[in-house]
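Colleague:
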Amino acid sequence: MPMFSVLPLLAGLLMVAAALTPSLIPRDWIMQGVLGGVSMTAGYLATQFLLAIWRTLEIPVLPRRWATIAHAILAIPVMAVLVRCVALADQWQNAIRERMGMPELEAANTTKMLLLTAAIFVALFLLGRAVQGLFDLLRTRLARHIPVTSANVLGLLLAGLIVVTLTRDGVVQWAFGIADSSYAAAQHLTDADAEPPSEGWRSGGPGSLIDWDLMGKPGRDFVSGGPRAPAIAAFTGRPALEPLRIYVGLAQDKDPETRARIALEEMIRTGAFERRVLVLASPTGTGWMDPASYDALEYMHEGNVATVALQYSYLQSPLALIFETESGLDQTTAIMRLVYDHWRSLPADARPRLYLHGISLGAWSSMYALNPFQMMNEPVSGAFWVGPPFPSTLWRQANEARVPGSPLILPQVDQGEVIRYASQFAPPDRSGKPWGRLRILFLQHASDPIVFYDPASLWRAPEWMREPTAPDVSPQLSFTPIVTQLQLAVDMLVSTSTPPGFGHIYDASEYIDGWVSVSAPQGWSAEDTARLKAKCGKGGLIGCDNG
420 MPMFSVLPLL
430 AGLLMVAAAL
440 TPSLIPRDWI
450 MQGVLGGVSM
460 TAGYLATQFL
470 LAIWRTLEIP
480 VLPRRWATIA
490 HAILAIPVMA
500 VLVRCVALAD
510 QWQNAIRERM
520 GMPELEAANT
530 TKMLLLTAAI
540 FVALFLLGRA
550 VQGLFDLLRT
560 RLARHIPVTS
570 ANVLGLLLAG
580 LIVVTLTRDG
590 VVQWAFGIAD
600 SSYAAAQHLT
610 DADAEPPSEG
620 WRSGGPGSLI
630 DWDLMGKPGR
640 DFVSGGPRAP
650 AIAAFTGRPA
660 LEPLRIYVGL
670 AQDKDPETRA
680 RIALEEMIRT
690 GAFERRVLVL
700 ASPTGTGWMD
710 PASYDALEYM
720 HEGNVATVAL
730 QYSYLQSPLA
740 LIFETESGLD
750 QTTAIMRLVY
760 DHWRSLPADA
770 RPRLYLHGIS
780 LGAWSSMYAL
790 NPFQMMNEPV
800 SGAFWVGPPF
810 PSTLWRQANE
820 ARVPGSPLIL
830 PQVDQGEVIR
840 YASQFAPPDR
850 SGKPWGRLRI
860 LFLQHASDPI
870 VFYDPASLWR
880 APEWMREPTA
890 PDVSPQLSFT
900 PIVTQLQLAV
910 DMLVSTSTPP
920 GFGHIYDASE
930 YIDGWVSVSA
940 PQGWSAEDTA
950 RLKAKCGKGG
960 LIGCDNG
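Numbering (the numbering used here), first residue to last: 420 to 966.
#1: Anyone know if the C-beta pair for M795 and L813 falls short of 8 Å?
#2: Quick one: using the 10 Å Cβ neighbour count with 16 as the cut-off for buried, is D709 buried or exposed?
#3: Run through the DSSP bridge pairs and tell me what G626 is partnered with.
#4: Residues in its own chain within less than 7 Å of G933 by CB, not counting five upstream and five downstream?
#5: For my contact list, G806 and H720 are in at a C-beta cut-off of 8 Å; report their separation, rounded to the angstrom.
#6: Below 8 Å on the Cβ atoms is my guess for S914 versus D867; work out the distance and round it to an integer in Å.
#7: Return helix, strand or coil for V937, following the three-state DSSP convention.
#8: Alpha carbons only, please: which of N790, I651, P615, G656 is nearest the one belonging to R388?
#9: Pair every Cβ in the segment 528 to 536 with every Cβ in the segment 452 to 466, then say whether three or more of these pairs are closer than 8 Å.
#10: Could you tell me the boundaries of the beta strand (DSSP E) in which A802 lies?
#11: Which one or two residues does DSSP pair with R839 in a beta bridge?
#12: Alpha carbon to alpha carbon, what distance is there between T751 and G706?
#13: With a CB to CB cut of under 6 Å and the five nearest residues on each side skipped, what residues in its chain are close to S746?
#14: Quick one: complete alpha helix (DSSP H) runs, 4+ long, within the segment 734 to 792?
#15: So if DSSP puts A728 in a beta bridge, which residue, or which two residues, is it bridged to?
#16: So what does DSSP say about I478, is it helix, strand or coil?
#17: Where do the ends of the alpha helix (DSSP H) carrying W511 lie?
#18: Pull up the CB-CB distance for W405 and L663, whole angstroms please, since I reckon it's below 8 Å.
#19: For R484, count neighbouring Cβ atoms within 10 angstroms of its own Cβ and tell me buried if that reaches 16, exposed if not.
#20: Between V758 and chain B, is any beta-carbon pair separated by less than 8 Å?
#21: Rounded to whole angstroms, what is the Cα-Cα separation between R563 and S569?
#22: Can you look up I651 in the DSSP assignment and give me helix, strand or coil?
#23: Who are the Cβ neighbours of V591 in its own chain at under 7 Å, not counting the five residues just before and after it?
#24: What's the C-alpha gap between A652 and R694?
#25: Over what stretch of residues does the alpha helix (DSSP H) that includes T440 continue unbroken?
#26: For L699, count the other beta carbons within 10 Å of its own beta carbon; 16 or more makes it buried, fewer makes it exposed. Which is it?
#27: How is the alpha helix (DSSP H) around Y872 delimited, first residue to last?
#28: Quick check on I687: does DSSP put it in helix, strand or coil?
#29: In angstroms with no decimal places, state the Cα-to-Cα distance between F647 and Y718.
#30: Tell me which same chain residues have a C-beta within less than 7 Å of the C-beta of P702, skipping the five on either side of it?
#31: Go ahead and label K952 buried or exposed: buried means 16 or more other beta carbons lie within 10 angstroms of its beta carbon, across all protein chains shown.
#32: Does the segment 894 to 910 come close enough to the segment 439 to 453 that 3 or more CB-CB pairs lie under 8 Å?
#33: Is Q906 buried or exposed, if buried means 16 or more other CB atoms sit within 10 Å of its CB?
#34: Going by the beta-carbon positions, is the gap between Q816 and S825 smaller than 8 Å?
#35: Apply the 10 Å Cβ neighbour rule to L669 and answer buried if 16 or more other Cβ atoms are within range, or exposed otherwise.
#36: Can you give the beta carbon distance from V937 to G722, rounded, assuming they're within the 8 Å contact cut?
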């Protein structure tokens, strides 16, 4: 009996060819090799499963000789498609890289990719044979005591249970524990080289309710970074305040409600509610705060800004979304309730403008904390959500309410008085129409798989794939069942490998346009926007203070 079945192998090779077609994010040989190996395995297994059903139903099959001839004939178009896709693979990837300003792939890329694809497929195939061996062992033992049919069913169930248990409680939990501890270590808790601030108004400084050592590296970078008042005044030509940044680390207390109360008390202590603009921000999974966004806001409001954020995880956003789904939601809900209640208790003419802000997983959790029924009479001033992940309920509801005919990658909701969408190619105020009382802005890239991943792409093309192609998306992008799902999953893993302004990396200039539109800074002009963009430069990971 041959090791590989011919028809499933041909199906697997066809899946490899489909996996070479472009998707949202450019892939190097490693990610393409992994994708190719997994796609080939998926095609092989799916065809084997269908053949097993065919045999179980006792449907007639071709005699061996005619089957061999049929396989040989079928192999010709399959190999032709595979050869064509292999020949075009680098060209497809380089075309996307050119759109994003990335260097071309190296000459040996295709060879290394094909070798890795084969290695991944063989490894997964052998793993599958091991599972098959477990099933055969169980059903053989059981058949000694119960009917064969019952032994087969029970053996399959037991084998599946063993594999799921070992994977979920063994491999997955082990990997999760390693990831959690490594990301926690990366926080540099109790870092002796990180000196606490000397100013009493800074989080972690003298008299602060927040422990500097427990803030973690993302929090310490955020609190100690950003523009100072002299730099802001030099840019605006007007007197400026020292921006106020408050950050509570995950290590401060294990209870999200307690961390929220500490944050509120720190806000009151430092006068956060006395600022012109108050931003309730939700960080990414690791606790990171993109400096380009907050620096820009502080410049355009002359430093009269207070920003508060609370860490809820140590994991990267995709891992936190899977393993700590409730952590961010619980934290943002707790701080939103306390801050909003205190803000609403202040005199209407003495309270700051309150904004919600979040990037990536922070956008998702921030949206969750927005309770429109609670705020119907006294709404916040606005929300600015960047790269909203695909499960975001409020984002999805807004998409469904869009004007018929407007594209999913850049919807139009009513006249744009309350909800607007923007991208690197479409600024938020492009319509020229005025905002209403509440301003909600979604900033998203068409090439961002965190935003446009679609679980249903396993069997049907996502809606955005049936629309005209955006400038940052390859026109050669096409749909293939199963493969498109795997491509988008890989795209999410490498979504931050692009230059700023593409994928899941948002550029400083996009933040500037967004904050100008949402927060309407006093006395701000188009010339001021251009000067701030020039100061920040290209680079959403740098921050305007260092641009």
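Note that beta-carbon positions come from the ideal geometry of N, C-alpha and C, so glycine has one too. Quick caveat: nothing in here was measured; it's all calculated off a predicted structure.
Modeller: Inspection of the coordinates gives the following:
#1: Numbered from its first residue, the sequence shown carries residue 795 at position 376. Numbered from its first residue, the sequence shown carries residue 813 at position 394. Against a cut-off of 8 Å, the Cβ pair of L813 and M795 comes out as no contact.
#2: Working through the sequence shown from its first residue, we reach residue 709 at position 290. D709 is buried by the Cβ-count criterion.
#3: Along the sequence shown, read from residue 1 onward, the residue named residue 626 stands at position 207. DSSP lists no partner for G626.
#4: Counted from its first residue, the sequence shown places residue 933 at position 514. So the qualifying residues of the chain are F803, A841, P847, L860, L862.
#5: Here the question's residue 806 lines up with position 387 in the sequence shown. Here the question's residue 720 lines up with position 301 in the sequence shown. The pair is not a contact, with the Cβ atoms about 23 Å apart (cut-off 8 Å).
#6: Here the question's residue 914 lines up with position 495 in the sequence shown. Here the question's residue 867 lines up with position 448 in the sequence shown. Confirmed, about 7 Å.
#7: Walking along the sequence shown from the start, residue 937 turns up at place 518. In this structure, V937 counts as helix in the three-state DSSP scheme.
#8: Outside the displayed span of the chain (420 to 966) sits residue 388, for which this structure offers no information.
#9: yes
#10: Position 383 of the sequence shown, counting from 1, holds the residue named residue 802. 801 to 805 is the extent of the beta strand (DSSP E) around A802.
#11: Numbered from its first residue, the sequence shown carries residue 839 at position 420. Its beta-bridge partners are L860.
#12: Taking the sequence shown and counting its residues from 1, one reaches residue 706 at position 287. Taking the sequence shown and counting its residues from 1, one reaches residue 751 at position 332. Roughly 13 Å between the two C-alpha positions.
#13: As a position in the sequence shown, residue 746 is number 327, starting the count at 1. Around S746: Y731, S732.
#14: 736 to 742, 744 to 764, 780 to 788
#15: The residue labelled residue 728 in the question sits at position 309 within the sequence shown. Note: A728 sits in a beta bridge opposite Y666, A700.
#16: Here residue 478 corresponds to residue number 59 of the sequence shown, with the count starting at 1. Residue state, collapsed to three classes: coil.
#17: Locating residue 511 in the sequence shown gives position 92, counting from the first residue. Segment 483 to 518, the alpha helix (DSSP H) holding W511.
#18: Lying outside 420 to 966, the shown extent of the chain, residue 405 is not represented and no answer is given.
#19: Your numbering for residue 484 matches position 65 in the sequence shown. Result: exposed.
#20: Annotation note: the requested chain B is absent from the structure, which comprises a single protein chain.
#21: Locating residue 563 in the sequence shown gives position 144, counting from the first residue. Locating residue 569 in the sequence shown gives position 150, counting from the first residue. About 11 Å.
#22: The residue labelled residue 651 in the question sits at position 232 within the sequence shown. Reduced to three states, the DSSP call for I651 is helix.
#23: Within the sequence shown, numbered from 1, the residue matching residue 591 stands at position 172. Any reading at V591 must be qualified, since the residue scores a pLDDT of 47, below 50, and its modelled position is unreliable; the value itself is stated next. If we look at V591 and ignore the five residues flanking it on each side, it has no Cβ neighbours.
#24: For the purposes of this step, residue 652 is taken as residue 233 along the sequence shown, with counting starting at 1. For the purposes of this step, residue 694 is taken as residue 275 along the sequence shown, with counting starting at 1. Near 17 Å, if we compare the C-alpha coordinates of R694 and A652.
#25: As a position in the sequence shown, residue 440 is number 21, starting the count at 1. Neither: T440 is in no alpha helix (DSSP H) and is coded neither H nor E.
#26: Residue numbering aside, residue 699 sits at position 280 when the sequence shown is read from its first letter. Buried, since its Cβ has 16 or more Cβ neighbours within 10 Å.
#27: Numbered from 1 along the sequence shown, position 453 holds the residue referred to as residue 872. Looking at the DSSP string, Y872 is not in any alpha helix (DSSP H), and its letter there is neither H nor E.
#28: For this step, residue 687 is matched to residue 268 along the sequence shown. Looking at I687 - three-state DSSP - the assignment turns out to be helix.
#29: Locating residue 647 in the sequence shown gives position 228, counting from the first residue. Locating residue 718 in the sequence shown gives position 299, counting from the first residue. Note on identity: in this sequence residue 647 is Arg, with Phe being the wrong assignment. C-alpha separation (whole angstroms): 9 Å.
#30: Position 283 of the sequence shown holds residue 702. For P702, where only same-chain residues beyond five positions count, the Cβ hits under 7 Å are P637, M708, A728, Q730, G781.
#31: Taking the first residue of the sequence shown as position 1, residue 952 is located at position 533. The residue is buried, with at least 16 neighbouring Cβ atoms inside 10 Å.
#32: yes
#33: Position 487 of the sequence shown, counting from 1, holds the residue named residue 906. Burial call: buried.
#34: As a first step, residue 816 is located in the sequence shown; it is residue number 397 there, counting from the start. As a first step, residue 825 is located in the sequence shown; it is residue number 406 there, counting from the start. It is not a contact, given that the beta carbons lie outside the stated cut-off.
#35: As a working note, residue 669 is residue 250 in the sequence shown. Buried.
#36: The residue you call residue 937 lines up with position 518 of the sequence shown. The residue you call residue 722 lines up with position 303 of the sequence shown. At roughly 18 Å, the Cβ-Cβ gap does not stay under 8 Å, so V937 and G722 are not in contact.
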